Amino acid sequence: MSNRRAVIVSGARTPFLKAFTDFTKLDTIGLGTAAVRGLMKKLNLGHGDIDAMVWGGVILPGTAPNVAREIALDLKLDPRCEGMTVTRACASGLQAITLAAAAIERGEYDVAIAGGSDSTSNAEIKLPQKVVHAVAPLALGGKASPADVLGVISQLAPFTDILPTRPKIAERSTGEVMGEAAEKMARRNEIPRAAQDEFAVRSHQRAAAAIAAGRFEEEIVPVQTPEGKWVHADGLVRADTSVERLARLRPVFAKDGTLTAGNSSALTDGAGAVLLMEESKAKALGYKPLAAFKSWSYVGVDPADQLLMGPALAMPKALERAGLDLAQIDLVDMHEAFAAQVLSILKMLASDGFARARLGRERAVGDIDPAKLNVHGGSLALGHPFGATGARMVTTMANELARTGKERALLGICAAGGLGAAAVLERV
Amino acid sequence: MSDMLLEIGKNPQARKLLKTLGLPLPIPEALRREKGAIRARPLQDRKVIVAGKGELVGVVAETLAAAGADPYVDESIRAAFVAPGETFGRPPRAIEAEGRVDAIVFDGSAIASAKDLHALYESLHPLVSRLSRSGRVVVLGRPAAGLVPEAAAAQNALDGFVRSVAKEIGKGGSTANLLIVEKGGEKRVAAVLRFALSAKSAFVTGQPIHITARAKGGDEPALVRGLEKKVALVTGVARGIGAATAKALADEGAHVICLDRPADDTATTQLAREIGGTPLLVDLAEADAVAKIIDAVKARGGVDVIVHNAGITRDKTLARMKPEQWDSVLDVNLGAVARVTDALLPHLRDGGRIICLSSVAGLAGNMGQTAYAASKAGIVGFVRAWAERLAARGVTVNAIAPGFIETRLTAAIPFAIREVARRLAALGQGGLPEDVANAITFVATPGAQGLTGQTLRVCGGALVGA
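These protein sequences, in sequence, are chains A and B. Numbering (this note's numbering) for the first sequence: 86 to 513. Numbering (this note's numbering) for the second sequence: 108 to 573.
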């Protein structure tokens, strides 16, 4: 059992589209189904070939939160393909994939599909708990007299706080919206607006170049919307953006802030899936695996401090577990929630003081060469359908290792709740 | 019992009205307090100006950044703040010409002459009026003992300065304290500075706090949940300061043995349940009290923190006082403290804490309180002597001297006297039991290893007493 190794055979994702565009009518299950269907078709997998579906998501549908199982059922896979859904904020997708890898190595499965999806267009509008508690006795408690109804109405006054609340990605513990937290990080780590805009432009340019070169063609599967329209390509990448253009945008999270729509990732709809197999099984079936996990790490920090700094702790830990130095890493892929967050983390990784106080090591992890970092752009350009991002990163990096013959890639993802995730991939 | 003036002052309209009427009443400022356990970053996002160029700037820089403060510093000391700023995302910023500041820290450790003291004036003069409500001033100095006379004078001058500043800024709810750091005590400054700058020290002002290397022990203490897996014994827990202390110690993770008289069974047992502690119903005046306490402590495998809080008053002028009144006050307030301490020493773990309750009345003297004041002044000598003897074991022994605290005891004081007692403090109000509990709890934490043999006043800057 101990010498089983999980390998990444392939990956596929839907195009990533801005929320409330063409994918508005596809919920997270529909998006996930599209990605998995595309992946299976690409690899010519049969409906009975898959032992399990492991899925990650952030905005889970209230009536069917086990998205993994719903995808398997919607695809009419063999009912024995079991399914589970995990949630770890923006690291949900990577979590699903590492969980599947661990289960394969533990001997639970031989073949699994793991990934994630989110439809920010389909975030449920939530009734305040006050309404739920007040109305529940009426709705569930049998016959109601007019007095009961009046009683409920009086409980609900004043009526301003019973309006359905607009869904927003605010921290439960601090009430802070993620952009506000990133704005604070920009100030605290002294990341100027210009540096953020420059980083965002680079992300767009690299993504645009990858698209122009057809680099994503093997990763993206076209999706047909319920309206019948086929979507073939990512919708957020702007080849023509420039530092001058971004400089004109107004800050959105603070009056004198530095974060704009241009240097923050957008609300996105999309899904990504990865096929994992036990190595000997993959070879027996004639697949050529791309990569395998050398290590991974999940960490937590105080969300009231620097909410999105998690990767600054998780990435060194993953390196340590892999027994590697930053110098031995050929590619780094970091989720770009905000340019300010990526640049803050780069600064922390390069600081000796940070290494001593926060990592318990004498020297800094090191400077990450921009040429190695997010070589085909990141979430700023491509978009960030929360649960899908991990699958996108794993897929792109696994393909990149296989195509270039490079040895190792380091992944880093920040997540709500002060979580951080990282993984080291090695070429197989 | 509630402080009417303080309540009125919380209403902006009423506050304005009183001011317009020109009443000669200083309306006290409601103090900023903080519930719950000591925080990992007690100074989160606080604007702290650091001035003065002394030997402690490095310690201040490290402490502030780790505690979450945004430091605003003079160019001459900026370098010390760069590395900690990078580590914790709290880069030093230039001091702005205007706007509110939450705290001012002045490092006066290098001041060695009357002329040097000018820096104190120059730094604080433009800043003191910019302090926000419940702001903080902390001055750091060195002990005068052993210095050349001129330097000794200059260092001692800091004491008078801080006490006076405390009086001046008290009406805004702000406090000023002096940290006197002995050579070798530098590594123990962090937790004390955090406390002095945080909301946990709301009612501590005008105080010199000595930080020494006397008590043996580690120099990298846990700054949060410092009492986890530790056992604390608190006497007199049924109400007031004792109850608040038991809760605060439990918040830091301690298992608290809650001691009070059998007559207070209900309150004591309820409290013990709420905080997950052990009730211990013992009358300290009884002969078998000590044996029962030892049994309870042994059952927990020893004790780390002893808080001698139980005390009684039998106020009478000396001429009218009966011998049994005198005896009972001295026996409970001093005799029992000594007996219980002696008996528990073999069960007190190394690095432990003994904390006794003194009283500003004991330090200053009070009409009708000869016995009470004698017992409470006795505590000062008691902790000093034990501090010497237990330093090698890493045990610290300190006293906390509350001033006017809003409790059942002080609610019984006649209105006029009560009013005067409240308003004579620099903060213009009485303290809460929680204020005393917070000071006791701070002294109980590992971070307070530098404090021993001292009497720390929690008095809001009371006019009386030293």
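Quick reminder that beta carbons are idealized off the backbone N, C-alpha and C, glycines included. Predicted, not measured: the structure shown is a model, and the values here were computed from it.
Between the C-alpha atoms of B:Ser239 and B:Arg153 there is a straight-line separation of about 11 Å. B:Ile547 is bridged by DSSP to nothing; it lacks a bridge partner. Between B:Arg301 and chain A, the shortest Cβ-Cβ separation is not below 9 Å.
Between the C-alpha atoms of B:Gly324 and B:Val296 there is a straight-line separation of about 14 Å. If you check the CB distance, B:Leu234 and B:Ile156 come in under 9 Å.
Distance from the CA atom of A:Pro374 to the CA atom of A:Lys368, rounded to whole angstroms, is 8 Å. For B:Glu193, the closest Cβ of chain A is nearer than 9 Å. Inclusion of A:Leu504 and A:Val384 in the CB contact set at 9 Å is warranted, their separation being smaller than that value.
The C-beta distance from B:Ile413 to B:Leu455 rounds to 7 Å, short enough to fall under 8 Å. Cβ contact annotation for A:Gly178 (same chain, cutoff 7 Å, sequence separation greater than five): Gly141, Gly200, Gly201, Gly357, Gly472, Ala473, Thr474, Gly475, Ala476, in chain order. A:Leu458 has its alpha-carbon roughly 14 Å from the corresponding atom of A:Gln413. When rounded, the separation of the alpha-carbon atoms in A:Val479 and A:Ala397 is 19 Å.
At a beta-carbon threshold of 9 Å, none of the residues of chain B lie near A:Arg257; the nearest stands roughly 18 Å away. Within the stretch 231 to 304 of chain B, the alpha helix (DSSP H) runs of at least 4 residues that lie entirely inside it are, in chain order, 256 to 276, 296 to 304. Its chain contains Ala174 as the residues whose beta carbon lies nearer than 6 Å to that of A:Ala501, once the 5 sequence neighbours on both sides are disregarded; these appear in chain order. B:Ala361 sits away from B:Pro328, with the two beta carbons spaced by 9 Å or more.
Not a single CB atom of chain B sits nearer than 9 Å to the CB of A:Glu511. In the DSSP assignment, A:Arg273 falls within the alpha helix (DSSP H) that extends over 263 to 273. The beta carbon of B:Pro198 falls within 9 Å of a beta carbon belonging to chain A, placing the residue at that interface. Along the stretch 128 to 161 of chain B, the positions whose C-beta sits under 8 Å from a C-beta of chain A are Ala147, Arg148, Gln151, read in chain order. Residue contact check for B:Gly206 against chain A: no CB pair falls below 9 Å. Per DSSP, reduced to three states, the secondary structure at B:Gln536 is coil, with no helix or strand assignment. Under DSSP, A:Phe378 shares a beta bridge with A:Leu510.
Listed in chain order, the non-local C-beta contacts of A:Lys491 below 8 Å within the same chain comprise Asp415, Leu416, Glu485, Arg512, local neighbours out to five positions each way being set aside. With respect to chain A, the C-beta atom of B:Ala298 has no partner C-beta closer than 9 Å.
Per DSSP, B:Thr319 has no beta bridge partner at all. Residues of the stretch 389 to 416 of chain A with a Cβ closer than 9 Å to any Cβ of chain B, in chain order: Ala389, Asp390, Gln391, Met394. Bridge partners of A:Ala199 according to DSSP: A:Val139, A:Val359. Counted as a single uninterrupted DSSP element, the alpha helix (DSSP H) harbouring A:Ala369 occupies residues 364 to 369. In this structure, the straight-line span from the alpha carbon of A:Gly451 to that of A:Met394 is close to 16 Å. Listed along the chain, the chain A residues whose CB falls inside 9 Å of the CB of B:Ala306 amount to none; the nearest CB is some 16 Å away. Contact with chain B is found for A:Lys432, since one of that chain's Cβ atoms lies less than 9 Å from the residue's Cβ. Residue environment analysis places B:Ala121 among the exposed positions, since fewer than 16 neighbouring C-beta atoms fall within 10 angstroms of its C-beta. According to the DSSP assignment, A:His317 belongs to no beta strand (DSSP E), since it is labelled neither H nor E. Using a Cβ-Cβ distance cut-off of 8 Å, the stretch 530 to 541 of chain B and the stretch 510 to 519 of chain B are in contact, since at least three pairs of beta carbons, one from each stretch, lie closer than that value.
At a cut-off of 9 Å, the C-beta of A:Asp341 has no neighbouring C-beta in chain B.
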